[in-house]
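All remarks here apply to the structure that follows.
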């Protein structure tokens with residue numbers, strides 16, 4: 004059974020993930036952490052860290068997971084280009100799922116945009132405005 008740690012456990016997404024874990028018999032909740040909690044103290048309690056926090060915190064957790072042989076799911080948004088490069092570099096040495104927006108609507112929009120761009124071609128300039 005895969006043991007999962009959830010960082011940002013008291014947040015909306017953290018609570019949703021914890022609920023999903025409780026309904027799945029292939030994974031178990033190994034640890035829940037929030038701001039100020041010590042990830043290093045929980046290392047023996049999980050195999051995969053799921054993180055929905057802030058870029059700075061995510062990069063701290065990334066370094067700890069990389070040094071400890073833990074896998075990571077990153078749902079955090081707002082990374083700079085340099086921070087994204089740091090994640091890409093870490094992904095060469097560890098298992099990372101990086102999906103900064105996991106909403107169905109956003110991912111469907113991105114897929115449709117990709118399809119439209121291929122059909123329309125390079126002469127069009129496509130932009131999504133929120």
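Numbering (my numbering), first residue to last: 4 to 133. Yeah, the Cβ is synthetic: ideal placement off N, Cα and C, and Gly gets one too.
Please report the straight-line C-alpha distance between residue i and residue j, rounded to a whole angstrom.
| i | j | result |
| --- | --- | --- |
| residue 66 | residue 7 | 17 Å |
| residue 30 | residue 102 | 20 Å |
| residue 58 | residue 118 | 30 Å |
| residue 125 | residue 38 | 45 Å |
| residue 63 | residue 95 | 17 Å |
| residue 100 | residue 93 | 11 Å |
| residue 114 | residue 48 | 37 Å |
| residue 91 | residue 27 | 29 Å |
Once you ignore the five residues that flank residue i on each side, which residues in its own chain have a CB closer than 6 Å to its CB?
| i | result |
| --- | --- |
| residue 11 | 17, 55 and 56 |
| residue 135 | Outside the displayed range of the chain (4 to 133) lies residue 135, so it cannot be described from this structure. |
| residue 81 | 58 |
Just grab the DSSP bridge partners of residue i for me.
| i | result |
| --- | --- |
| residue 31 | 6 |
| residue 101 | 77 |
| residue 52 | 8 and 75 |
Using a Cβ-Cβ cut-off of 8 Å (strictly less than) and excluding sequence neighbours within five positions of residue i, which residues of its own chain qualify?
| i | result |
| --- | --- |
| residue 72 | 97 |
| residue 160 | Shown here, the chain extends from 4 to 133; a query on residue 160 therefore has no answer. |
State yes or no: is the C-beta of residue i within less than 8 Å of the C-beta of residue j?
| i | j | result |
| --- | --- | --- |
| residue 25 | residue 36 | no |
| residue 61 | residue 77 | yes |
| residue 34 | residue 23 | no |
Looking only at its own chain, which residues have a Cβ that is under 7 Å from the Cβ of residue i, when we skip the five neighbours before and after it?
| i | result |
| --- | --- |
| residue 20 | 9 and 53 |
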